[in-house]
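> In my numbering, the protein residues as written are 109 to 452.
Structure provided below as structure tokens; questions to follow.
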């Protein structure tokens with residue numbers, strides 16, 4: 109158990125885990141003072157802050173300082189070894205899954221959440237939503253398949269789970285059930301969301317309302333409704349270059365360029381898969397969003413990441429050439445982004 113406390117502390121200090129864990133603290137956090145448990149729901153998936161601190165605050169175990177040499181990766185590895193000795197620790201597997209999500213080790217996160225799901229006989233909503241998140245982060249089309257089914261099961265178990273509601277809204281929107289998607293997002297607004305979460309939820313509802321408003325006359329003519337109009341100032345443009353020292357690592361591997369919200373982890377706000385040729389100017393818009401209604405907007409500070417996927421997989425792997433830059437949407441023009449280091 110001490111390892112759990114140390115892990116929470118280390119990841120908080122590193123600023124890694126703090127952006128992901130609260131997504132999985134459904135009903136428990138609701139009883140605690142402060143923001144609703146789904147403060148991270150804006151990451152959707154879809155899918156944030158303070159769970160490690162809350163864990164330490166609620167724990168009856170003694171707090172002690174973390175060894176400076178400990179890294180998030182080493183702390184997660186320590187937790188994994190502890191679970192080998194205590195494989196029936198449901199909370200441990202949930203924490204391990206959250207930790208792997210934060211470290212972008214999505215296949216390992218999926219295994220951890222699947223283990224928690226088996227231990228709970230399929231009756232733990234956190235395990236189900238964790239599985240769905242890991243699947244969606246690996247391949248967003250999973251929201252149309254297994255991930256979507258997992259979210260529906262989670263909502264059946266925990267209809268007031270903010271994270272499941274947000275994912276459920278995204279799933280419903282993807283399959284075209286806009287009234288259900290709107291109802292789920294609207295329910296989130298009634299749960300007194302934190303001030304920084306409310307605009308995102310309202311944006312999703314407004315996007316759905318726009319689509320519903322345009323659907324009535326068009327549907328009468330038997331024509332699919334047009335997509336919601338993107339904000340004219342919402343564009344990200346980067347000139348991607350490759351450091352000479354990494355030129356040999358490219359080969360025929362594809363280039364993925366992501367736009368992420370650094371405050372709210374989860375699926376990227378936008379993504380493109382391109383050929384690895386340099387230099388290359390890349391433009392991303394809300395139409396490149398992975399999840400309907402979850403896109404970047406003017407005035408938002410985002411992180412743009414360019415990664416050469418040596419395995420061809422959109423999920424990052426150790427050794428992938430990587431570069432990132434901060435971008436202010438609506439203010440910055442063409443910004444330089446240099447791929448100059450390897451993913452640890």
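The beta-carbon is built from N, C-alpha and C at its ideal position, and this holds for glycine as well.
In terms of residues, what are the limits of the beta strand (DSSP E) holding residue 429?
429–436
> Drop a sphere of 10 angstroms on the beta-carbon of residue 193, count the other beta-carbons inside from all chains shown, and report buried for 16 or more, exposed for fewer.
exposed
> Identify whether residue 226 lies in helix, strand or coil by the three-state DSSP scheme.
Looking at residue 226 - three-state DSSP - the assignment turns out to be helix.
> In the DSSP assignment, what residue or residues form a beta bridge with residue 347?
389, 444
> Identify whether residue 185 lies in helix, strand or coil by the three-state DSSP scheme.
helix
> Can you say whether residue 298 is buried or exposed, counting buried as having 16 or more other CB atoms within 10 angstroms of its CB?
Exposed.
> Suppose you measure from the CA of residue 408 to the CA of residue 256; what does that come to, to the nearest Å?
If I take the Cα positions, the gap works out to 28 Å.
> Please check the pair residue 88 and residue 209, which I expect to be a contact at CB under 8 Å, by giving their CB distance rounded to whole angstroms.
Absent from the model: residue 88. The displayed extent of the chain is 109 to 452, so no value can be given.
> Taking one C-beta from the region 353–361 and one from the region 439–446 each time, how about it: are there three or more such pairs within less than 8 Å?
no
> At a cut-off of 6 Å, would you count residue 262 as near the ligand ZN, judging by its Cβ distance to the nearest heavy atom?
Judged by which ligands are present, the structure shown has none, so any question about the ligand ZN falls away.
> If you count every other CB in all the chains shown that lies within 10 Å of the CB of residue 258, and 16 or more means buried, which is it?
Buried is the call here.
> What's the call for residue 189, buried or exposed, on a 16-neighbour Cβ count within 10 Å?
exposed
> Residue 292 and residue 277 look like a contact to me (Cβ under 8 Å); what is the Cβ gap, rounded to whole Å?
4 Å
> Could you give the first and the last residue of the continuous beta strand (DSSP E) run that contains residue 179?
Note, residue 179: premise wrong, no beta strand (DSSP E); not H, not E.
> Give the DSSP-derived three-state secondary structure of residue 367 in the structure shown.
strand
> So is residue 312 buried or exposed if we call it buried at 16+ other beta carbons inside 10 Å?
Counting Cβ neighbours within 10 Å, residue 312 comes out buried, since at least 16 surround it.
> Can you give me the C-alpha to C-alpha distance between residue 220 and residue 204, rounded to a whole angstrom?
6 Å
> Below 7 Å between beta carbons: does that hold for residue 267 and residue 342?
no
> Per DSSP, residue 380 is paired with what?
Partner residues in the beta bridge of residue 380, as assigned by DSSP, are 365.
> Between which two residues does the alpha helix (DSSP H) harbouring residue 257 extend?
254–265
> Does DSSP classify residue 138 as helix, strand or coil?
In this predicted model, residue 138 has a pLDDT of only 38, less than 50, meaning its place in the structure is not dependable enough to derive any value.
> What are the boundary residues of the alpha helix (DSSP H) that residue 279 is part of?
270–282
> May I ask you to list the residues that DSSP assigns as paired with residue 411?
368, 434
> For my contact list, residue 392 and residue 367 are in at a C-beta cut-off of 8 Å; report their separation, rounded to the angstrom.
5 Å
> For residue 284, is the classification buried or exposed, using 16 other Cβ atoms within 10 angstroms of its Cβ as the cut-off for buried?
exposed
> Go ahead and pull the three-state DSSP assignment for residue 211.
Three-state DSSP puts residue 211 in coil, outside helix and strand.
> From residue 270 to residue 381, what distance separates their C-alpha atoms?
31 Å
> Suppose you measure from the CA of residue 425 to the CA of residue 435; what does that come to, to the nearest Å?
24 Å
> Sort 384, 206, 199, 196 by Cα distance to residue 180 and report the nearest one.
For the residues 384, 206, 199, 196, the minimum Cα distance to residue 180 belongs to 206.
> Could you check the C-alpha separation between residue 403 and residue 226 for me, to the nearest Å?
34 Å
> Closer than 6 Å by C-beta to residue 216: which residues in its own chain qualify, once you throw out the five before and the five after it? Chain order, please.
208
> Quick check: the Cα distance between residue 451 and residue 321, rounded to an integer number of angstroms?
45 Å
> Under 7 Å Cβ to Cβ from residue 396, same chain only, skipping five residues before and after it: list those, please.
378, 379, 380
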